[in-house]
Every structure is written in structure tokens, then in C-alpha cells.
Amino acid sequence: MQRVLLLGLVVLAGTVLAEEPGSVFDGLFPQGRLTVPLASLAEKEGLAPDEGFKISELGRDAHSSHHAVWIRDREVPHRHDRHDLIVVILKGYGEMRLRDDTRYVGRGSILYIPRGTPHAFRNLSPEPALAYAVYTPAFDGKDRVPVD
């Protein structure tokens, strides 16, 4: 009887451990650790019906800042003269313009945009797109220069 019970516990533990964990944002910042399920981030912090673009800071340290970015339609083409940018598309798909080149990007795409590079995202999905963006150095909210 004990062997059967022990075998059952091993099988049950193996089943629980074999499940894939959900996707999360997990960051360790000077202010503390922030862990947010991505599904929760997409639903809780999303765009209001009258908003086309929103950026929310998730955390920062002395060298970088981390943001959630929602885009309903499109960004105005722009560049950042003092910041490098890494973007990970978390939800949605669309066209990403980098300089004069346009590529299709979707969930899981990772983009590196060096400072001074003109860029813009155009959402082609039916729902607002969501991206994770890392600015180095930490974004000051002012370094967004419109371009043609």
C-alpha cells in the first residue's frame, strides 16, 4: 500500500512540475522585485477606448528603464538621440519601420534600435499591440524627436 501511495505522489509531483509556467515580467529593481503575469499586464493596464498610445514604466535603475507600451494604431515616426532601445513584441503584430526599411513583426519579435535611428510601429492586429521596451540609459520622457 505504501509503495502505491508513494508511486502516486511521484506521478502527481511529476505532472505538476511538467506544466509550463505562464509568461511573466520579472524584474529586480532597486525599489524591489516586480513580478507581473503578462496576461494581467495586457488586461489591467491596457488602453482606454479613447487612447491610441500609452507607455507605463515598470521599473528603473541607474542604467536603464523598463516600460510596457500599448499601440492601438500607429506611432508617429521618431528617434531617440540619447537612448538605445530594445523592444520585445508581447501581443499583436504589425509593421516596424527602422530607418527606410519596413519589416513585419509579431509576438516574440525582438528589436534593437540604436540611438538616432528613425523608427515607428504600425499595428495591424485587431486589438492594441503590447510591447516591452528597455531604454538605456533610463528614459527621461523627453528624448522623442519626430521625423518625416
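In the numbering used here, the protein residues as written are -19 to 128. Every residue, glycine too, gets a C-beta built ideally from N, C-alpha and C.
Using a Cβ-Cβ cut-off of 7 Å (strictly less than) and excluding sequence neighbours within five positions of residue i, which residues of its own chain qualify?
| i | result |
| --- | --- |
| Leu(-11) | Here the model assigns Leu(-11) a pLDDT of 48, short of 50, so the residue's position is not dependable, and the following value carries that caveat. Cβ neighbours of Leu(-11) beyond the five flanking positions: none. |
| Leu18 | Ser3, Val4, Phe5 and Leu70 |
| Arg95 | His60, Asp61, Arg62, His63 and Asp64 |
Assuming contact is defined by CB atoms lying nearer than 8 Å, are residue i and residue j in contact in what I supplied?
| i | j | result |
| --- | --- | --- |
| Phe9 | Ile51 | no |
| His43 | Ala113 | no |
| Val56 | Pro126 | yes |
| Asp61 | Thr116 | no |
| His46 | Gly74 | no |
| Met76 | His99 | yes |
| Asn103 | Asp30 | no |
| Ala28 | Ser36 | no |
| Leu91 | Val67 | yes |
| Gly72 | Leu110 | yes |
Along the chain, where does the beta strand (DSSP E) containing residue i start, and where does it finish?
| i | result |
| --- | --- |
| Asp6 | Val4 to Phe9 |
| Ser159 | Nothing in the structure corresponds to residue 159, since the chain is present only between -19 and 128. |
| Gly12 | Gly12 to Pro17 |
Within a Cβ cutoff of 6 Å, which residues of the same chain sit near residue i, ignoring the five residues on either side of it in sequence?
| i | result |
| --- | --- |
| Arg83 | Met76 |
| Gly155 | The question about residue 155 has no answer, for the chain in this structure spans -19 to 128. |
Inset, instruction - Counting only runs of 3+ residues fully inside the region 34 to 110, write out the beta strand (DSSP E) ranges in chain order. - result: Listed in chain order, they are 45 to 51, 64 to 71, 73 to 78, 81 to 86, 90 to 93 and 99 to 103.
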